[in-house]
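Under the working numbering, the first residue of the sequence shown carries the number 7, and numbering increases by one thereafter.
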Amino acid sequence: MDLKILKNKTEMSRAAAAHGAEVLRKVIAEKGAANLLAATAPSQFEMLGFLTREPGIDWSKVTLFHLDEYIGLPEGHIAGFRLNLRKNFIDLLPQPLAHVYFVDGSSPDVPGFCRSMKQVLADHPIDLAFVGVGENGHLAFNDPPADFDTDEAYLIVKLDEVCRHQQYGEGWFPTMEAVPTDAISMSVPQIMKSKVIICVVPDTRKAEAVKNMMEGEITNMCPASILRRHPACTTYLDESAASLLKK
């Protein structure tokens with residue numbers, strides 16, 4: 007894994023977006039199209055904004071996927087990742103995308119949705135994935151202990167209390183009781199199939215998770231640690247997120 011530490015969140019976000027844009031331009035030039043996977047947590051919003059302003063990307067040749075969604079929230083809920091993906095990325099693009107595959111947490115048949123996406127992803131291998139890291143070290147909504155061995159593309163997962171407290175603490179829900187307990191998440195093995203991964207992690211509250219991810223054991227108790235095994239992953243940190251690293 008390559009590691010880039012920038013002074014602050016804005017510099018980190020701009021650098022990560024520039025890297026991602028370079029990958030997308032190259033893939034489109036070589037293949038004529040690109041498949042992009044995007045995380046939609048608040049830690050990613052500034053980076054996604056910079057990405058929309060990168061020149062020379064033919065967005066009409068980009069198919070977009072996203073990582074996860076709460077089960078049971080209506081599509082327009084303020085905390086829903088579908089809404090945030092639209093507000094912070096899709097609606098800001100200079101031209102429409104080729105296609106967007108939303109994670110449908112309000113589907114009447116969530117298991118069926120997960121099964122159907124396995125074939126979609128087999129037909130659209132991810133060229134570039136933007137991911138973040140949770141305060142508990144989760145990757146997407148794969149909370150510890152994450153399943154490193156599944157062959158499913160998307161999983162129905164139960165959110166642990168640290169994850170739910172993070173969502174409440176970020177102001178998305180009025181009470182802890184209102185935070186959903188279940189979600190759909192792209193699986194860790196599916197994320198690891200992405201040809202290039204750019205991991206974007208700002209803020210002091212992520213520092214302990216970053217330390218475990220970068221310097222601890224590679225373990226499903228810190229799911230993001232698996233990224234160290236990816237052949238083309240770059241992690242972008244600001245100085246706050248990197249503050250507990252020894253090296």
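Heads up, the beta-carbon is just placed ideally off N, CA and C, and yes, glycines get one too. Quick caveat: nothing in here was measured; it's all calculated off a predicted structure.
Ignore the nearest five residues each way along the sequence and tell me which others in residue i's own chain have a CB closer than 6 Å to its CB.
i	result
A39	K67
N1	Residue 1 lies beyond the range of the chain shown here (7 to 253); nothing can be said about it.
Q173	V185
A44	H72 and F136
N14	D244
E158	S193
R88	E81 and F108
T210	S246
I256	It is not possible to answer for residue 256, since the shown part of the chain is limited to 7 through 253.
T46	H72, F87, N90 and L91
In terms of DSSP beta bridges, what is residue i paired with?
i	result
S191	D74 and L161
A213	None, per the DSSP bridge assignment.
V137	C205
H105	T69
K253	DSSP output for K253 lists no bridge partner at all.
D8	T240
T225	C228
L145	N148
L43	F71 and A135
For residue i, which option in the options has the closest C-alpha, if you only look at C-alpha atoms?
i	options	result
I232	K212, D157, A152 and V168	A152
T16	L250, P208, T225 and Y76	P208
E36	I63, E221, M219 and I204	I63
L50	C205, E245, A128 and G175	Per the sequence shown, the amino acid found at residue 50 is Gln instead of Leu. Of the listed residues, the one whose Cα sits closest to Q50 is C205.
A3	D115, T69, D166 and S113	Past the boundaries of the shown model lies residue 3; the chain is included only from 7 to 253, so the question cannot be answered.
D166	S246, I224, N142 and I77	N142
N226	F154, E75 and V139	F154
S19	G138, G177 and A213	G138
L42	L91, I162, L79 and T187	L91
N140	C169, F179 and L99	According to the sequence shown, residue 140 is Gly rather than Asn. Looking at the Cα atoms, C169 is the closest of the given residues.
L99	A146, D115 and L54	L54
H144	K212, K253 and M7	K212
Could you tell me if residue i is buried or exposed, where buried requires 16 or more neighbouring beta carbons within 10 angstroms of its beta carbon?
i	result
I84	exposed
G118	exposed
P150	buried
A128	exposed
Please return the same chain residues whose Cβ sits closer than 7 Å to the Cβ of residue i, not counting the five positions on each side in sequence.
i	result
K217	L250 and L251
P101	Pro is not the amino acid found at residue 101; the sequence shown has Gln there. Cβ within range, chain order: W65 and S66.
E176	P48
A27	L57, E60 and I63
E52	K15, T16 and S19
E214	L250
D74	F87, V109, A146, F147, A189, I190, S191 and M192
T156	S193 and P195
G222	C228 and S231
F179	A85, Q173 and V185
V116	I77, I162 and I190
Taking 8 Å as the limit between beta carbons, can you name the residues of its chain near residue i, skipping five residues before and five after?
i	result
L9	M220, T240, T241 and L243
I224	S231, I232, R234 and R235
D188	Y76, I77, G78, I162, V163, K164 and L165
Y160	V109, F119, C120, M123, K124, I190, S191, M192, S193 and Q196
P114	none
Answer yes or no: does any C-beta atom of chain B fall closer than 8 Å to that of residue i?
i	result
V137	Going by chain labels, chain B is absent from the structure shown, which holds only one protein chain.
(request) Specify whether the segment 178-187 and the segment 95-109 touch according to this definition: at least 3 beta carbon pairs, one from each stretch, less than 8 Å apart. (result) The segment 178-187 is not in contact with the segment 95-109.
(request) Specify whether the segment 23-39 and the segment 54-62 touch according to this definition: at least 3 beta carbon pairs, one from each stretch, less than 8 Å apart. (result) Using a C-beta cut-off of 8 Å, the segment 23-39 makes contact with the segment 54-62, since at least three inter-stretch Cβ pairs fall below that distance.
(request) Evaluate contact between the segment 26-36 and the segment 115-124, counting only Cβ atoms and requiring at least three cross-stretch pairs below 8 Å. (result) Not touching, per the Cβ criterion.
(message) Check whether the segment 84-101 and the segment 133-144 are in contact - that is, three or more C-beta pairs closer than 8 Å.
(response) No, they do not touch.
(request) Tell me, please, whether the segment 194-211 touches the segment 234-243 by the rule of three or more beta-carbon pairs shorter than 8 Å. (result) By the C-beta criterion, the segment 194-211 is judged to be in contact with the segment 234-243, since at least 3 inter-stretch pairs fall below 8 Å.
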